[in-house]
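K.L.:
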Amino acid sequence: MRRALALAALGLGETSPNPSVGAVILAASGEPVGEGRTAPAGGPHAEVVALARAGARARGGTAVVTLEPCDHTGRTGPCTQALLAAGIACVVVGVRDPDALAAGGLDTLRAAGVQVESGVLAAQAAHQLRYWLTAVRRGRPYLIWKYAATLDGRSAAADGTSRWITSAEARADVHELRATVDAIIAGAGTVRADDPALTVRVPDKVRRPLRVIVDSAGGTPAGARVRDGAAPTWIATGAEVGSDPTGRVDLGKLMTALYARGVRGALLEGGPTLAGAFLAAGLVDEVVGYLAAKLLGAGPAALGPAGVGTVAQALALELTDVARIGPDVRITAVPKEDRQ
Ligand SMILES: NC(=O)c1ccc[n+]([C@@H]2O[C@H](COP(=O)([O-])OP(=O)(O)OC[C@H]3O[C@@H](n4cnc5c(N)ncnc54)[C@H](OP(=O)(O)O)[C@@H]3O)[C@@H](O)[C@H]2O)c1
């Protein structure tokens, strides 16, 4: 399973709307004879790739898969049938498919006489698949709010300058994070202030997540970098998505629309007004803060109003990781009730 997870990790960010899954086939003797991971959408699933490599050596063997094999015919045939046709005797999975708990792939395999086991390295598998699992359960993308701030929580100085609060190492780390998602979201205010490119610049990786600008009235200037064609861009306006009672873009409807476009993981890059609105709407699944060992003492806060009026209403988070990135600190946390 560790090997299957390592294979799946290589495909994160390139398989949506499918999950990035890893699979290893062991011969009846226990010897590994084939492995694979999900190809980009429309291509074969991990099990099919691994079975093709194993060939006849799969007969009587074991398939180890990070996610329960699919049991339906989508753009490819059901993996359950491919496993049965190959004569697999035992299937071991990390996590079950939330879509298929009632009539899932494992039930089909068990009914056909295959020995099945689930929950192996389940926590690791669920963490690796969290964008897809959350998206399928909620019908909207898994959303990570990422920000950079000084130690006193400011995202810009009093004169509005904000480049570069954190180090080159932290910015490189952000590009790695961007490479895992299908969409990068920013507010019209950030585009007006910073004119960001919102592209992925990572050596040896070609990833072009959809750039989404939340822009109530479609005022993003024609010359804005996000319109440069370097990656697909969607200027999401109230007219297209739907407006909330204040006339701004309805964020719940925006998320539903992104899911319909195949987005499973999204990165919200601010600014503070939009981040506050997403948090107030309960649409943020993970927070990644890069903190620089600097103080500004004045300037806008990293987060704008988020519907919190008193300390008892604070949005409680649980830390999941703290890491030093060059001279900065990266803190990862999830809303307490969502801890998985
Ligand atoms: N340090 C960081 O991590 C970081 C990251 C990003 C930005 N920043 C800084 O943040 C500043 C810009 O932030 P900002 O707060 O002015 O802008 P913002 O959060 O990027 O954008 C806010 C704008 O988004 C539009 N919007 C549309 N629908 C919305 C909704 N439902 N809820 C909230 N906003 C909605 C509104 O503009 P319309 O009415 O025009 O549609 C709103 O004014 C810049 O100084 C930038 O440097 C810092």
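Using the numbering used here, read the sequence shown as starting at 50 and increasing by one per residue.
Every residue, glycine too, gets a C-beta built ideally from N, C-alpha and C.
Taking Gly-85 as the reference, which of Glu-96, Gly-236, Gly-202, Ala-174 has the closest Cα?
P.N.:
Gly-85 has its Cα closest to that of Glu-96, out of Glu-96, Gly-236, Gly-202, Ala-174.
K.L.:
Is Gly-238 helix, strand or coil when you go by DSSP?
P.N.:
DSSP places Gly-238 in helix when its eight states are reduced to three.
K.L.:
Assign Trp-283 to buried or exposed, taking buried as 16 or more other Cβ atoms, counted over all protein chains shown, within 10 Å of its Cβ.
P.N.:
Its Cβ being crowded by 16 or more others within 10 Å, Trp-283 is buried.
K.L.:
Check for me: the beta strand (DSSP E) holding Ala-372 runs from which residue to which?
P.N.:
366–374 is the span of the beta strand (DSSP E), which, as asked, contains Ala-372.
K.L.:
Please find out if some non-hydrogen atom of ligand 1 comes closer than 6 Å to the beta-carbon of Pro-270.
P.N.:
For ligand 1, not one heavy atom lies less than 6 Å from the Cβ of Pro-270.
K.L.:
Val-251: which of Val-165, Glu-218, Asp-243, Gly-346 sits nearest, CA to CA?
P.N.:
Checked all of Val-165, Glu-218, Asp-243, Gly-346; the closest Cα to Val-251 is Glu-218.
K.L.:
Taking 6 Å as the cut-off, is the CB of Leu-323 close to at least one heavy atom of ligand 1?
P.N.:
Yes; taking the cut-off as 6 Å, the Cβ of Leu-323 has a heavy atom of ligand 1 nearer than that.
K.L.:
Is Thr-248 near ligand 1, in the sense that its beta carbon is under 6 Å from a heavy atom of that ligand?
P.N.:
Flag unset: Cβ of Thr-248 not near ligand 1.
K.L.:
Using 8 Å as the cut-off, can you tell me whether the segment 339–351 makes contact with the segment 230–238, which would need three or more C-beta pairs spanning the two stretches below that distance?
P.N.:
The answer is no - the segment 230–238 does not touch the segment 339–351, with fewer than three Cβ pairs under 8 Å.
K.L.:
CB-CB under 6 Å to Ala-151, same chain, minus the five flanking residues each way: which ones, in chain order?
P.N.:
Below a pLDDT of 50, predicted positions are generally treated as unreliable, and Ala-151, at 45, falls in that range; the measurement from the model is reported next regardless. Once the five neighbours on either side are set aside, Ala-151 has no close Cβ partner at all.
K.L.:
Let me know the secondary structure DSSP gives Cys-139 once reduced to three states.
P.N.:
If DSSP states are grouped into helix, strand and coil, Cys-139 belongs with the strands.
K.L.:
Cutting at 6 Å between CB atoms, please list the residues of its own chain near Ala-197, excluding the five before and the five after it.
P.N.:
For Ala-197, where only same-chain residues beyond five positions count, the Cβ hits under 6 Å are Ile-214, Thr-215, Tyr-339.
K.L.:
Give me, in chain order, the residues of the same chain whose beta-carbon lies closer than 7 Å to that of Leu-345; leave out the 5 immediate sequence neighbours on both sides.
P.N.:
These residues qualify, in order along the chain: Thr-199, Asp-201, Arg-203, Ala-206.
K.L.:
Roughly how many whole angstroms lie between the Cα atoms of Glu-289 and Thr-210?
P.N.:
Going by the C-alpha atoms only, they are around 32 Å apart.
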